[in-house]
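Written below as structure tokens is the structure these notes are about.
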Amino acid sequence: MAMTMTQKILAAHSGESEVVAGQLIEARLDLVLGNDVTAPVAIREFERIPGAAVFDRGKIALVPDHFAPNKDIESAEQCKAMREFARKHGIENYFEIGCMGIEHALLPERGLVLPGELVIGADSHTCTYGAAGAFSTGVGSTDMAAGMATGVAWFKVPSAIRFALHGGLGGWASGKDLILSIIGAIGVDGALYRSMEFVGPGVASLTMEERFTVANMAIEAGAKNGIFPVDEKTRAWAASVSNRPYVEYAADPDAEYERTITIDLSTIRPTVAFPHLPSNTRPASGSGVVAIDQVVIGSCTNGRIEDLRVAAEILKGRRVADGVRCIVFPATQKIYLQAIREGLIEAFIEAGAIVSTPTCGPCLGGHMGILAEGERAIATTNRNFVGRMGHPKSEVYLASPATAAASAIAGKIVDPEEVLEAPGRRG
Amino acid sequence: MENGSRVWKYGDDVDTDVIVPARYLTTSVPEELAAHCMEDIDSGFAKAVSPGDVIVAGGNFGCGSSREHAPIAIKASGVSCVVAASFARIFFRNAINIGLPILECPEAAAEAENGDRMSVDLASGMIRNLTRGTSHAAAPFPPFMRGIMDAGGLIAYVSAKSSAGSRKGS
Chain S
498 MAMTMTQKIL AAHSGESEVV AGQLIEARLD LVLGNDVTAP VAIREFERIP
548 GAAVFDRGKI ALVPDHFAPN KDIESAEQCK AMREFARKHG IENYFEIGCM
598 GIEHALLPER GLVLPGELVI GADSHTCTYG AAGAFSTGVG STDMAAGMAT
648 GVAWFKVPSA IRFALHGGLG GWASGKDLIL SIIGAIGVDG ALYRSMEFVG
698 PGVASLTMEE RFTVANMAIE AGAKNGIFPV DEKTRAWAAS VSNRPYVEYA
748 ADPDAEYERT ITIDLSTIRP TVAFPHLPSN TRPASGSGVV AIDQVVIGSC
798 TNGRIEDLRV AAEILKGRRV ADGVRCIVFP ATQKIYLQAI REGLIEAFIE
848 AGAIVSTPTC GPCLGGHMGI LAEGERAIAT TNRNFVGRMG HPKSEVYLAS
898 PATAAASAIA GKIVDPEEVL EAPGRRG
Chain G
40 MENGSRVWKY GDDVDTDVIV PARYLTTSVP EELAAHCMED IDSGFAKAVS
90 PGDVIVAGGN FGCGSSREHA PIAIKASGVS CVVAASFARI FFRNAINIGL
140 PILECPEAAA EAENGDRMSV DLASGMIRNL TRGTSHAAAP FPPFMRGIMD
190 AGGLIAYVSA KSSAGSRKGS
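Just so you know, the sequences run in chain order S and G.
If you want this note's numbering, it's the position in the first sequence, counting the first as 1, plus 497.
If you want this note's numbering, it's the position in the second sequence, counting the first as 1, plus 39.
Structural data, given as structure tokens:
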């Protein structure tokens, strides 16, 4: 029976020649991920297993990124618990802050996730690695604990929605605008329990960074995973991060999908998700007058080098509006260093922005940019739920790096074209 | 429980950020998390909830972050069951894994109002709304998931399996 790309990967990891939607399987894990919020709970559960040992020291990744650098004594204790666990069990992929980054940018950069692999992570944005042609999905801490001990996890094989992409993005439109538009169209539960498989000739026009952004937010439509086919860009990227062998999987031509949604990429415009759901989208140009107090550029969604380049291109030689706080978070140490070498950090600081060490910080209302009552932020992050970035009566508007940077200059939410003379980076 | 349990009713897309805001994730102690449960959408919940009460909600309950702290907070609040039209998938897994009873039943979820009295039979999946005099059957769990719940959660399930020497898939 024909299978989707996701089903092929799940079948290969469960020792089955084929799997069908709805089937419960036990699958072999290539990597198990946790962070300083979720791993401490997982460690507590792990230690309840009699005689527990990790299944493979090289296939577990522990990343202190949420409240790291430690924001207070309690978060320092959580990071310490993870650090001690990593030492005790000889975990090879524990990343202290000097070599750290936001987990979903760091793991691909380190070559820890390659096409065809199966990854679970105790963080909902683990679905990011679908950009690399892997199956990856978020789980909770107990699943992480069981995964660390056994190297397997149970899954219900998902059905899929196919997104057929045509044409190419134009102007200032980006992968972020694409995924926000999709979530706006299908809703925050539009892909509940399902795979989102992105296919079609338009895929080739998306950069790897854009694919990571798109797959990252599959969870915001309720999806189990989002996944892209492996093409020349994927192979070139994989060769640049690792020399490990990997297997490419592709959907069968006659695979069954619940439905197909066709998207002409040239119709995608800069898009903003208004409070308090990622599906509450509007064109940036139709936002009305929404004055902002803070701009956040970064996160696992949009903290990669290409994102910083776009933001710097817009901010260079301009000024962040009076009364607006603009905070830039490179997603990893490597990206941070690259941004310094390219002069991007200088452009940010000269424009009146500040630049932080990598951290999930403000995205989840943790630290480094919390909002007060009544304040508004435009952010390149992934969630705008009530209280997400601070006070329950604060507001978060989700957008691309270009829209966020342009809004920082305008002091209100704008389409980049409204403040820039250039017609957009793609012309 | 003859008089049934009190219903706490919420709408669609209740996310894990409002079930337990990230500012409290510097702890994973169940009782400390319970003290802030539902705080950002219902500031009175944590103080007024009683053991055995039931949360009833619309679709996509528990969407967003994978934080297991969310079902841990609900369980530690004394809530005996969450009935929703549908659950976000990570929350669904987490609830099963930690032994927080959940039932998916759109009809019971749509009908219930805040303050109703409800009686839930987890074994049969029968949900009775005593205030409205109605009954609905929730979809039963597949045997595999019942196995995890019967074992007392995923860790007990995995422990039993590994001690039986039946680990699979390496």
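The beta carbon of each residue, even a glycine, is placed where N, CA and C say it ideally should be.
Taking Cβ positions only, does residue i come closer than 9 angstroms to chain G?
i, result
"S/E614", "no"
"S/E934", "Here chain S has residues from 498 to 924 only, and residue 934 of chain S is not among them."
"S/Q504", "no"
"S/I679", "no"
"S/I716", "yes"
"S/T639", "yes"
"S/Q830", "no"
"S/H586", "no"
"S/S621", "yes"
"S/T778", "no"
Which of helix, strand or coil does DSSP assign to residue i?
i, result
"S/H773", "coil"
"S/Y754", "coil"
"S/C596", "helix"
"G/V57", "helix"
"G/D189", "helix"
"G/S198", "helix"
"S/E694", "strand"
"G/H75", "coil"
"S/A509", "helix"
"S/D819", "coil"
"G/S205", "Any reading at G/S205 must be qualified, since the residue scores a pLDDT of 45, below 50, and its modelled position is unreliable; no value is offered."
"G/Y49", "coil"
"G/A123", "strand"
"S/Q520", "coil"
"G/R156", "strand"
Does the beta-carbon distance from residue i to residue j come in below 9 angstroms?
i, j, result
"S/A670", "S/T501", "no"
"S/L841", "S/R806", "yes"
"S/I824", "S/I794", "yes"
"S/G644", "S/V529", "yes"
"S/A619", "S/E523", "no"
"S/I540", "S/M498", "no"
"S/G672", "S/P913", "no"
"S/V792", "G/N133", "no"
"S/K556", "S/G630", "no"
"G/P179", "G/G192", "no"
I'd like to know if residue i contacts chain S, where contact means its C-beta is closer than 9 angstroms to some C-beta of that chain.
i, result
"G/P60", "yes"
"G/P181", "yes"
"G/S209", "Unreliable positioning characterises G/S209 in this predicted model, as indicated by a pLDDT of 36, which lies under 50. The coordinate reading is nonetheless provided below. Interface residue, yes."
"G/E107", "yes"
"G/C102", "yes"
"G/E143", "no"
"G/A127", "yes"
"G/I113", "no"
"G/E70", "no"
"G/T173", "no"
"G/R206", "Below a pLDDT of 50, predicted positions are generally treated as unreliable, and G/R206, at 42, falls in that range; the measurement from the model is reported next regardless. Yes, contact with chain S."
Please report the distance separating the alpha-carbon of residue i from that of residue j.
i, j, result
"S/H510", "S/G595", "34 angstroms"
"G/V118", "G/T65", "23 angstroms"
"S/A735", "S/H864", "33 angstroms"
"G/Y196", "S/E803", "45 angstroms"
"G/R160", "S/L521", "According to the sequence provided, residue 160 of chain G is Asp. The question's Arg does not apply to it. Cα to Cα, the separation comes out at about 25 angstroms."
"S/Y746", "G/V59", "39 angstroms"
"S/P726", "S/P772", "32 angstroms"
"S/M705", "S/P547", "43 angstroms"
Is there a C-beta anywhere in chain A that falls below 9 angstroms from the one on residue i?
i, result
"G/E146", "Absence of chain A from the displayed structure is noted, the protein chains being S and G."
message = Closer than 8 angstroms is the cut-off here; do at least three beta carbon pairs connect the segment 676-686 of chain S with the segment 702-715 of chain S?
response = yes
task = Count the CB pairs spanning the segment 843-851 of chain S and the segment 811-831 of chain S that are closer than 8 angstroms, and state whether there are at least three.
result = They touch, by the three-pair rule.
query = Can at least three beta-carbon pairs, one atom from the segment 860-875 of chain S and one from the segment 68-86 of chain G, be found at a separation below 8 angstroms?
reply = no
Contact between the segment 165-181 of chain G and the segment 102-114 of chain G (3+ Cβ pairs under 8 angstroms) = no
inquiry  = For the structure I just gave you, are there three or more beta carbon pairs, one from the segment 562-570 of chain S and one from the segment 631-650 of chain S, closer than 8 angstroms?
reply    = no
inquiry  = Counting beta carbon pairs with one atom in the segment 618-625 of chain S and one in the segment 597-605 of chain S, are three or more of them shorter than 8 angstroms?
reply    = yes
request  = Specify whether the segment 752-771 of chain S and the segment 655-675 of chain S touch according to this definition: at least 3 beta carbon pairs, one from each stretch, less than 8 angstroms apart.
outcome  = yes
message = Does the contact criterion of 3 or more C-beta pairs under 8 angstroms hold for the segment 130-142 of chain G versus the segment 78-91 of chain G?
response = The segment 130-142 of chain G, when compared against the segment 78-91 of chain G, does not touch it at the 8 angstroms Cβ threshold.
task = Examine the Cβ distances between the segment 828-836 of chain S and the segment 884-897 of chain S and report whether three or more of them are shorter than 8 angstroms.
result = no
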